[in-house]
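Trainee:
Chains as they are written, first to last, in our numbering: chain G, 1 to 183; chain D, 184 to 548.
Here it is as structure tokens:
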């Protein structure tokens, strides 16, 4: 009887621990989701299948299927005039000069099409520029909350690298290394 | 008829302005045909850009220098590094890093302004504006020393300059004199603070200033109004070049014969008119001609003045002058569409260098 009771007790304790751990895990997952949602950018490993964009050069809606590209380098430019974007521009142009023939490279500026067209001319971009077809859907998809640029490397539809904000020399070289490795 | 023509020519000759022959050498307007016809268009022979070596890139060249062995040094503000190339423009190595320690640059990126220069002592001087310090390296990239600069001292804005012994050169206004002195306190040159310095560029004593700027003229710095500057350079053969942008006046001082300094008005009237017209159109502008003075790397009796973009905006114009102030020729550097204004360095083995947005372009005569 004693042994039965003891075993029963142990099972209860064990169950209680399992329930507690499950509950904790659930809370952690929930907290993680909340924290993730609070982030102003996507994380490596997250996936984006497609993007509905408008080509600034020849305004027409294009569905960019990221799964169709082996490697994509995307620059998210929150405004046509921002100091951080301006700082990053020299690196972005360098990536375009180095990899434009081998990987898919483009910028997405979060403004209206006419402002984007002016920006493209003023900045003398050497990569294609797009605007989102639906700005709010795009900002939701990329969890954009602040006016900071992003440099994102996609392998297929999966994010492999994301730099939020401005780049410096070391980061810039690191991005080149990552692209070369992923190629 | 012959007598009449002779008389006319004598009268005409007599009416020409006479300039003082000694000390002050005034360069008059170059004849239009020299500017329009007798220029040489430099040929592009090479571009240094993108991947310059294995895992080595050139992102944003800011300043360039060349040593006596024709090795080329490029400060890349994109990564706060100095890239070194041999005489055939092959990448050798890079050095420099971001940090707060000795021999490190204060930051990288668009706002990292670090002019570099090879001093007459053969060392590489890099002036980190943001940290107010000069880093000295030998040409192998080994860090030698670091000098903190007191920002109140007028350190050469454009280039870090040192004399033959490696003493940095400073400028300072002491009472009514401008003094150029070395790090060890040796006075290299001094001159009186003359109000009339400004008259050439801004005739009738009218300085181009926007409304409200009149109060901003530093009272003790009539040589450098409103953000204009004094450029200082020392050549390997101890010629000190002092260029006052506001006055558009160049002094050349032979440090071995300091009594015989030469003074030049290097800008022809036409250039001044063009500059003034340009300034009138600008919302913000400085009342001076910033263009750099470039001592010739090979020939000590020649120097260059970067006149800026030509009227068609498709070329950069270089005046070649001798030490007597005579215009020896005009060279044009073609500017590729969309490029920034080239920054010309110096001439070595007949090579000219220009900096564009993200590359260094090499030209030859």
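Just so it is clear, CB atoms sit at the ideal spot from N, CA and C, and this is done for glycine as well. It should be emphasised that the depicted structure is a prediction, and the values quoted were computed from it without experimental measurement.
Round the Cβ separation of residue 501/D and residue 485/D to the nearest angstrom and send it over; I've been treating them as touching at under 8 Å.
Mentor: No, residue 501/D and residue 485/D are not in contact; Cβ-Cβ is about 11 Å, not under 8 Å.
Trainee: Applying the criterion that 16 or more other CB atoms from any shown protein chain within 10 Å of the CB defines a buried residue, is residue 381/D buried or exposed?
Mentor: Note on residue 381/D: pLDDT 44, under 50, position unreliable in the model; the coordinate value appears next. Residue 381/D comes out buried.
Trainee: Just verifying my parser: in three-state terms, what is the DSSP assignment at residue 20/G?
Mentor: Looking at residue 20/G - three-state DSSP - the assignment turns out to be helix.
Trainee: Buried or exposed for residue 489/D, going by 16 or more other Cβ atoms inside 10 Å?
Mentor: With 16 or more other Cβ atoms within 10 Å, it is buried.
Trainee: Could you have a look at residue 183/D and say whether DSSP puts it in helix, strand or coil?
Mentor: Here chain D covers residues 184 to 548 and nothing more, so residue 183/D does not appear.
Trainee: By the DSSP assignment, the beta strand (DSSP E) with residue 97/G in it spans what residues?
Mentor: Not the beta strand (DSSP E): residue 97/G falls in the alpha helix (DSSP H), residues 83-99.
Trainee: Closer than 8 Å by beta-carbon distance: list the chain D residues that pair up with residue 169/G, in chain order.
Mentor: Within 8 Å Cβ-Cβ: 242, 259, 261, 262, 263, 264, 281, 291 and 292.
Trainee: Just checking: is the beta-carbon of residue 382/D within a distance shorter than 8 Å of some beta-carbon in chain G?
Mentor: Its pLDDT being 40, under 50, residue 382/D is placed unreliably in this model, and the coordinates cannot settle the point.
Trainee: Return helix, strand or coil for residue 169/G, following the three-state DSSP convention.
Mentor: Reduced to three states, the DSSP call for residue 169/G is helix.
Trainee: For the beta strand (DSSP E) containing residue 53/G, list its first residue and its last residue.
Mentor: Unbroken beta strand (DSSP E) run through residue 53/G: 50-55.
Trainee: Is residue 545/D close to chain G? Criterion is C-beta to C-beta, closer than 8 Å.
Mentor: It does not: the Cβ of residue 545/D has no partner Cβ on chain G nearer than 8 Å.
Trainee: Are the Cβ atoms of residue 297/D and residue 308/D separated by less than 8 Å?
Mentor: No, they are not a contact pair.
Trainee: Around the C-beta of residue 163/G, are 16 or more other C-beta atoms found within 10 angstroms, so that it is buried, or is it exposed?
Mentor: Buried, since its Cβ has 16 or more Cβ neighbours within 10 Å.
Trainee: Determine the DSSP secondary structure at residue 107/G, reduced to helix, strand or coil.
Mentor: Residue state, collapsed to three classes: strand.
Trainee: Taking C-alpha atoms, which residue in 118/G, 180/G and 142/G lies nearest to residue 75/G?
Mentor: Looking at the Cα atoms, 142/G is the closest of the given residues.
Trainee: Would you say residue 442/D reaches chain G, if we count a Cβ-Cβ gap shorter than 8 Å as a contact?
Mentor: So, not an interface residue.
Trainee: Give me the DSSP bridge partner(s) of residue 513/D.
Mentor: The partner list for residue 513/D (beta bridge, DSSP) reads 222/D and 502/D.
Trainee: Against chain G, with Cβ distances strictly below 8 Å, would residue 479/D count as a contact?
Mentor: So, not an interface residue.
Trainee: Can you list, in chain order, the residues of its chain with a C-beta nearer than 6 Å to that of residue 51/G? Leave out the 5 residues immediately preceding and following it.
Mentor: Around residue 51/G: 64.
Trainee: Which chain D residues are close to residue 90/G, counting only those with a beta carbon under 8 Å from its beta carbon?
Mentor: Those are 242, 243, 261, 293, 540 and 541, listed as they occur along chain D.
Trainee: Report the rounded CA-to-CA distance for residue 255/D versus residue 325/D, giving the unit in angstroms.
Mentor: About 16 Å.
Trainee: What are the boundary residues of the alpha helix (DSSP H) that includes residue 115/G?
Mentor: Note, residue 115/G: alpha helix (DSSP H), 113-122.
Trainee: Rounded to a whole number of angstroms, what is the C-alpha to C-alpha distance between residue 252/D and residue 275/D?
Mentor: Those two C-alpha atoms are separated by around 13 Å.
Trainee: Are at least three pairs of beta-carbons, each pair with one atom in the region 126-140 of chain G and one in the region 52-61 of chain G, less than 8 Å apart?
Mentor: A contact exists between the region 126-140 of chain G and the region 52-61 of chain G.
Trainee: Can you tell me where the alpha helix (DSSP H) holding residue 249/D begins and where it ends?
Mentor: First-last for residue 249/D: 244-249, but that is the beta strand (DSSP E), not the alpha helix (DSSP H).
Trainee: Can you tell me the Cβ-Cβ gap for residue 186/G and residue 153/G, rounded? I've got them flagged as a contact below 8 Å.
Mentor: Since the first and last residues shown for chain G are 1 and 183, residue 186/G lies out of range.
Trainee: With respect to the beta strand (DSSP E) encompassing residue 138/G, which residues constitute its N-terminal and C-terminal limits?
Mentor: Counting along the chain, residue 138/G falls outside any beta strand (DSSP E), though it belongs to the alpha helix (DSSP H) covering 135-141.
Trainee: Apart from the five residues on each side of it in sequence, which residues of its chain come closer than 8 Å, Cβ to Cβ, to residue 49/G?
Mentor: The answer, listed in chain order, is 65, 66, 67 and 157.
Trainee: Does any residue of chain G have a CB that is nearer than 8 Å to the CB of residue 233/D?
Mentor: It does: the Cβ of residue 233/D has a partner Cβ on chain G nearer than 8 Å.
Trainee: Three Cβ pairs or more, each shorter than 8 Å: is that satisfied between the region 239-249 of chain D and the region 280-288 of chain D?
Mentor: Flag = no, the region 239-249 of chain D and the region 280-288 of chain D do not touch.
Trainee: Against chain D, which members of the region 93-106 of chain G pass a CB distance test of less than 9 Å?
Mentor: Listed by position, the residues of the region 93-106 of chain G near chain D (Cβ gap below 9 Å) are 93, 94, 97 and 98.
Trainee: Going by the DSSP bridge assignment, what does residue 322/D pair with across the sheet?
Mentor: Paired residue(s): none; residue 322/D is not in a bridge.
Trainee: Would you grab the beta carbon distance between residue 478/D and residue 424/D for me? Rounded to a whole angstrom, and I think it's under 8 Å.
Mentor: Rounded, the Cβ-Cβ distance is 6 Å, consistent with contact.
Trainee: Just curious, the beta strand (DSSP E) that residue 131/G is in, first and last residue?
Mentor: Per DSSP, residue 131/G belongs to the beta strand (DSSP E) from 129-132.
Trainee: Compare the C-beta of residue 173/G against all C-beta atoms of chain D and say whether one is closer than 8 Å.
Mentor: Yes, residue 173/G counts as interfacial toward chain D.
Trainee: Chain D beta carbons: is any one of them nearer than 8 Å to that of residue 179/G?
Mentor: By this cut-off, residue 179/G is not an interface position.
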